[in-house]
Amino acid sequence: MPLRTTSPNRAVPVVTLQNVIDKLELSQRLPETRRRDLRSALSRVAELLDQAPQAIILDVQQIAARLATVNHAAVGMSAKTMANLRAGFLAAVKETDFMPRRRLAGALRPDWIDLLDGQSKRTRLGLARLARFATTRGIAPKAITNTIITEMVEDIRRYSLHRDPNRLHRNTALIWNDLARAQRGLRRLPVPSFAKPPRRIAWATLSGPFRQDVDDYLRWCAGADVFATDARERTLSPRTLVLLRNQIWAAITSLTDAGTDARQVTSLADLVSVRNFKTILAHRHERQNGNANNFDLDLAHRLIGIAREWANVSEADVAELNRLARRLPTRASGLTSKNRATLRQFDDPVTLQKLYALPERLWSEVRRDRRNNFLTLAKAQAAIAIALLCYAPIRLQNLTSLRFDVHLFVRQGRGAISTLEIPAEEVKNRRPLAFDLPEPLARMLREYHHEVAPRILGRRTDLLFVNVDGKAKVSQGIGVLITKILRARIGVKQTPHQFRHLSARTILDAEPGSFETVRQLLGHASLSTTVASYTGIDTARASRHHQQLIESTLAAAPVRFGGRGRRRASRRA
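Letter by letter, the sequence shown follows residues 1 to 573 of the working numbering.
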């Protein structure tokens, strides 16, 4: 067994998974079938961690953290199989006595039983671990403190492969506080936050005149008074205004991080001065290690626009700002490395088939589900959203705002055609979009509109994506829902917008050079935009076609190398 030095005079043996496997083989307490199952669990965990058993140190917390990054669907496992694997791994480690066995109470204390009796399922399940832990230590509900919950979470870290102990800690505190509000004698506890600290400077700490100037500028961009003598020629959409505010926020944060006192910036003119502009770009360029960054390029151009149209900067200073912006590394044409990595997930045709079959699979579960709650509603909306993005890859903001009989025209009857239509004024590039919807998707929409949604909401709604209270879902919520479902069900990491790239690849794979078809499907205003974005995909498809031509040539006429030359050499010898 390898040794790990902890002090000049002491060495502690390092236990690896191979040591656990070897000791398990010698165990006489278990039948052969049980030993085989536990051995298999250890070997499978090593495979998931992509290391040999002898290279994995038996550190439960570290192994749990690494296993938490493994998506069960991506490795062809169900959630239940993954849970069994974790249980088998822990059982093997405990059986070989490399980890002490936890002694938990067999039955809950009467006061805990009385407390949880009659509570909601969420409360009973959410506090089950705490009740068991407290019972083992003889702690009554009224004696629960933040220290007790912290000790429980540390115990879980030490003795289990829980995927997210931090989330467990937070959820336990939240559920406990909900119960404490309804039960006398229970003290409310602080709810821990494990969110990363904000990267941007707090908006309230900025000077009042600066914040007022930003608000005035955004109102002007929105066209608050379209008849004003200085009205903006083209107003910006609400979504663009949000992006613009975030860009200004990012710029002043970078300026502050570089050492400038934010209170000295009292207007947008101060922000886009040549000195501050250069400081902002230099700081962000250093953060990117000199690499091209699309956000930084867009930020530079946006600040130049502010200087030109709002801050009354001189032409000489605008020219200098443009010169400085050109010093940033330019972005390469085509898809980003992140988007290319997303598309590589679908190199396996089986993964693509799973994606296209997922909406029907989800919808069949919705039909069988008799629960009229937000979970059923979310699953139904995920099924429809994924199906829509597969057949009609629209942008997320358009997907979020879809309404029946305004954008979705669902028809029923033999030969009837259902359509999705988005007018030009609602599209980013002011070009109208229209799609025919296949009958399976139209059927989902009809059932959702007439049966599923009214059963949960209590009434029919024209808006496609709503919460259980009938209010519209925000685009971020829909995006997270889609991403989570895709990762959990088929093991791929994909955002709603990346369905557009996948659709382009699907067309170009089947029809190399069909950029005009891609342009029309995605609604690009210019063919050059489509070509610049997806030339790499078409090049790969041409390369595969070229490879097939070489392989067919080789298969048509097998060639022998060197036969005649060797015979001649042998005759001369």
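All residues carry an ideal CB built from backbone N, CA and C; glycine is no exception.
Asp436: not part of any alpha helix (DSSP H); member of the beta strand (DSSP E) spanning 433-437, first to last residue. Thr419 has Phe409, Asp436 as its beta-bridge partners, per DSSP. Runs of alpha helix (DSSP H) with 4 or more residues, each lying fully within the region 44-113, are found at 60-67, 79-95, listed in chain order. Within the same chain, Thr376, Lys379, Ala380, Ala383, Val452 come within 8 Å of Val366 by CB-CB distance, once the 5 residues on both sides are set aside. Restricting attention to Gln54, Lys80, Ala556, Asp436, the CA atom closest to the CA of Phe409 is found in Asp436. The beta carbon of Leu67 sits closer than 8 Å to the beta carbons of Val45, Leu48, Leu49, Arg86, Leu161, Arg163 from its chain, once the five residues preceding and following it are set aside; these are given in chain order. Rounded to the nearest angstrom, the gap between the Cα atoms of Ile456 and Val466 is 11 Å. In this structure, Arg446 sits away from Pro454, with a CB-CB distance that is not shorter than 7 Å.
In this structure, DSSP gives Thr16 an extended state, which the three-state scheme calls strand. Annotated three-state conformation of Leu161 is coil, per DSSP. Collapsing the DSSP output to three states places Leu299 in a helix. Judged by their CB atoms, Thr16 and Ile57 are nearer to each other than the 7 Å cut-off. Exclusion of the five residues before and after Ala300 leaves Leu281, Ala325, Leu328 as the residues of its chain whose Cβ lies within less than 7 Å of its Cβ. Pairing Ala195 with Pro349, the inter-Cα distance amounts to about 37 Å. DSSP places Ala540 in the helix class (H, G or I) of the three-state scheme. Residue pairing from DSSP places Val466 in a beta bridge opposite Ala472.
With the rule of 3 Cβ pairs closer than 8 Å, the region 310-323 does not count as touching the region 481-489. Look at the region 311-384 and you find these whole runs of alpha helix (DSSP H), each 4 residues long or longer: 315-325, 337-344, 349-368. Of all alpha-carbon atoms in Gly259, Leu355, Leu297, Arg157, the one lying nearest the alpha-carbon of Gly491 is that of Leu355.
If you check the CB distance, Arg211 and Leu343 do not come in under 7 Å. Scanning its chain for C-beta atoms nearer than 8 Å, with the 5 sequence neighbours on each side dropped, one finds around Leu521 the residues Pro393, Ser503, Ala504, Ile507, in chain order. If you ignore the 5 residues before and after Asn373, its C-beta comes within less than 8 Å of the C-beta of Ile456, Val468, all in its own chain and listed in chain order.
Bounds of the alpha helix (DSSP H) holding Ile252 are 238-257.
Pairing Pro496 with Leu388, the inter-Cα distance amounts to about 10 Å. Counting the other Cβ atoms within 10 Å of the Cβ of Trp176 gives 16 or more, which makes it buried. The DSSP-derived three-state label of Arg403 is strand. By the CB criterion at 7 Å, Asn146 and Pro110 fall outside the cutoff. Closest option to Gly477, judged by alpha-carbon separation, among Gln119, Gln397, Asn293, Thr529: Gln397. Closest by C-alpha distance to Ala307, out of Gly334, Thr279, Asp270, is Asp270.
Here Asn19 is buried: its Cβ has 16 or more other Cβ atoms, across all protein chains shown, within 10 Å. For Glu516, the uninterrupted alpha helix (DSSP H) run begins and ends at 515-522, by DSSP. Looking from the CA of Thr256, the closest CA among Asn293, Ser207, Ala472 belongs to Ser207.
Residue state for Val191 is assigned as coil, using DSSP reduced to three classes.
Residue range 274-287 is occupied by the alpha helix (DSSP H) that includes Val274. Following the DSSP letters along the chain, one finds Leu26 in no alpha helix (DSSP H), marked with neither H nor E.
By the CB criterion at 7 Å, Ala258 and His283 fall inside the cutoff.
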